[in-house]
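Worksheet for the structure shown next.
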Amino acid sequence: MKNNFYKIFFLIFLFCCNTLFAQKKVSLIIAEYDGRAATNYLQNIVSYTFLNGVMTERKVIMSVPSKNEKTKADFIRFDIGKNFIYKNRYIITGIGNVIDLKTQKIVVPDRGEFIKASGDSLIFYTNDIFKGKYYSILNTQTNNYQKVENANYNPRPRPDVEVDEISKPNNITAYYISGKKDVLIKDAGFGQPQPLLGDDVKRKFPIFWINNASFLYANFPKGQTMLSIYKVGLNKNVEKIADITEVPATAKNDFFTLAADGNILYSCAKGKYLIDLTKKKADKLIFENVGNDFSVESDENPKYGRIVKYQNNDIGKKWCNTDNAVTTGGYAAFPFELVIGTERYPQGIVVWNNITQKWMNLECSSLISIIGWVEE
593 MKNNFYKIFF
603 LIFLFCCNTL
613 FAQKKVSLII
623 AEYDGRAATN
633 YLQNIVSYTF
643 LNGVMTERKV
653 IMSVPSKNEK
663 TKADFIRFDI
673 GKNFIYKNRY
683 IITGIGNVID
693 LKTQKIVVPD
703 RGEFIKASGD
713 SLIFYTNDIF
723 KGKYYSILNT
733 QTNNYQKVEN
743 ANYNPRPRPD
753 VEVDEISKPN
763 NITAYYISGK
773 KDVLIKDAGF
783 GQPQPLLGDD
793 VKRKFPIFWI
803 NNASFLYANF
813 PKGQTMLSIY
823 KVGLNKNVEK
833 IADITEVPAT
843 AKNDFFTLAA
853 DGNILYSCAK
863 GKYLIDLTKK
873 KADKLIFENV
883 GNDFSVESDE
893 NPKYGRIVKY
903 QNNDIGKKWC
913 NTDNAVTTGG
923 YAAFPFELVI
933 GTERYPQGIV
943 VWNNITQKWM
953 NLECSSLISI
963 IGWVEE
């Protein structure tokens, strides 16, 4: 009887020790320009490792070129679209490149739209004026990447929807695999005003699929100082969801996105709006959920930047934004700036965790993008 008591006591003691001294190790993965990027076109993938809330190591994992060495054409890009990490291993860039952190190799050098993950497969879609339209699949077991030769293969049971931006006003047309062509909207507005600063001077036409039978789009009338959000079905049923008026000019593209809590957001020069399909309205977002119990004030306050919250408690005020915020359990990272009057100076990255409950500055003046967290 006494022996059983000691055994139980010993097991409880081991459990308490394991709980007390459990170590949480995570690594923040970022992309930054190499010190000689102007001539060698290299970008470095860097990890910052944290153990129980304390940064223990900074390491350059690998370098990748932003341009093709021979043609100087764009190659791997971290500065376009949203980058993320799949299964703690694969970086998927906003233009569809894939980099294997484990083998430190570029496994998908081509551009493409990431469609979805299906088991051990990552599926991409190419729609190129020279290459054509097709799907490709990366086998994550072998890192083999190849084009799907079956022309009828379609992992998305819906047609392609494209905007004819030559006609004014624009129209929206659905293109089916069968060859059927169906004009869904004859007056889809005039799109966002030109010009757009940066490499791509073409305005993106904001479209967001709700499901495989309907999508949202933003209709800008000729004056382009307001917009209307419409829901469109492939059956040509059209519903107005909301108007957003007095939209100021901007050099940035508007876009739809899914918030971390699954809500649909529309981002424009006037701010971010929460789209309510049931009540048919768009409400200005006050705090944006960026995942893992973190939220950030949507509008920037000219006095302090933005309030950051964890589990609805204020944890600080930072000159940061949510566009490149990345979070994991108890950790959040944001790019931040030094703001003096109207001047803004990138300062690198700020990190907060719920273990030390303190902010840490990671100096990275050459930051391209915060990519994500890897949990170990």
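All residue numbers for the sequence shown refer to the working numbering, where the first residue is 593 and numbers rise by one.
Built from N, CA and C at the ideal position, the CB exists for glycine as well.
Kindly indicate the opening and closing residues of the alpha helix (DSSP H) around residue i.
| i | result |
| --- | --- |
| N632 | A629 to N632 |
Can you look up residue i in the DSSP assignment and give me helix, strand or coil?
| i | result |
| --- | --- |
| C608 | Note that C608 has pLDDT 45, beneath the 50 cutoff, so the model's placement of it is unreliable and the number below is only indicative. In the structure shown, C608 sits in a helix (DSSP, three-state: H, G or I). |
| A766 | strand |
| M952 | strand |
| G711 | coil |
| Y717 | strand |
| F847 | strand |
| T648 | strand |
| D671 | coil |
| E705 | strand |
| D779 | coil |
| A841 | coil |
| E757 | coil |
| I600 | Note on I600: pLDDT 49, under 50, position unreliable in the model; no value is reported. |
| K773 | strand |
What does the Cβ neighbour count give for residue i, buried or exposed, with the cut at 16 atoms within 10 Å?
| i | result |
| --- | --- |
| I604 | Residue confidence for I604 is low, a pLDDT of 49 falling below 50, so the modelled location carries little weight and cannot support an answer. |
| K662 | exposed |
| P927 | buried |
| C956 | buried |
| Q903 | exposed |
| G688 | buried |
| F724 | The amino acid occupying residue 724 in the given sequence is Gly; Phe does not appear at that position. So G724 ends up on the exposed side. |
| K910 | buried |
| W801 | exposed |
| V918 | buried |
| A665 | exposed |
| R748 | exposed |
| F706 | buried |
| R936 | exposed |
| G854 | exposed |
| L714 | buried |
Going by DSSP, name the residue or residues bridged to residue i.
| i | result |
| --- | --- |
| V918 | A925 |
| P657 | L634 |
| E880 | V888 |
| A623 | I637 and S961 |
| R936 | V931 |
| S820 | N811 and D835 |
| G686 | The partner list for G686 (beta bridge, DSSP) is empty, contrary to what the question assumes. |
| E967 | V618 |
| L643 | K617 and V646 |
For the beta strand (DSSP E) containing residue i, list its first residue and its last residue.
| i | result |
| --- | --- |
| F800 | I799 to W801 |
| D853 | First-last for D853: undefined, no H or E at that position. |
| A743 | Note, A743: premise wrong, no beta strand (DSSP E); not H, not E. |
| L808 | S806 to N811 |
| D1008 | Any answer about residue 1008 is impossible in this case: the structure gives the chain only from 593 up to 968. |
| L730 | G724 to N731 |
| Y902 | R898 to Y902 |
| L866 | G863 to D868 |
| D666 | Where D666 is concerned, there is no enclosing beta strand (DSSP E), given that its DSSP letter is neither H nor E. |
| I947 | Per DSSP, I947 belongs to no beta strand (DSSP E) and is neither H nor E. |
| K1057 | Nothing in the structure corresponds to residue 1057, since the chain is present only between 593 and 968. |
* To do: Say whether the segment 857-866 touches the segment 830-845, bearing in mind that this needs 3 or more beta-carbon pairs closer than 8 Å, one atom from each stretch.
  => yes
* **the segment 917-924 contacting the segment 885-900, beta-carbon criterion three pairs below 8 Å** => yes
* Does the pairing of the segment 704-723 with the segment 765-772 give three or more beta-carbon distances under 8 Å? -> no
* To do: Evaluate contact between the segment 672-685 and the segment 639-652, counting only Cβ atoms and requiring at least three cross-stretch pairs below 8 Å.
  => no
* Asked: Are the segment 730-748 and the segment 772-780 touching by the rule of at least three beta carbon pairs closer than 8 Å?
  -> no
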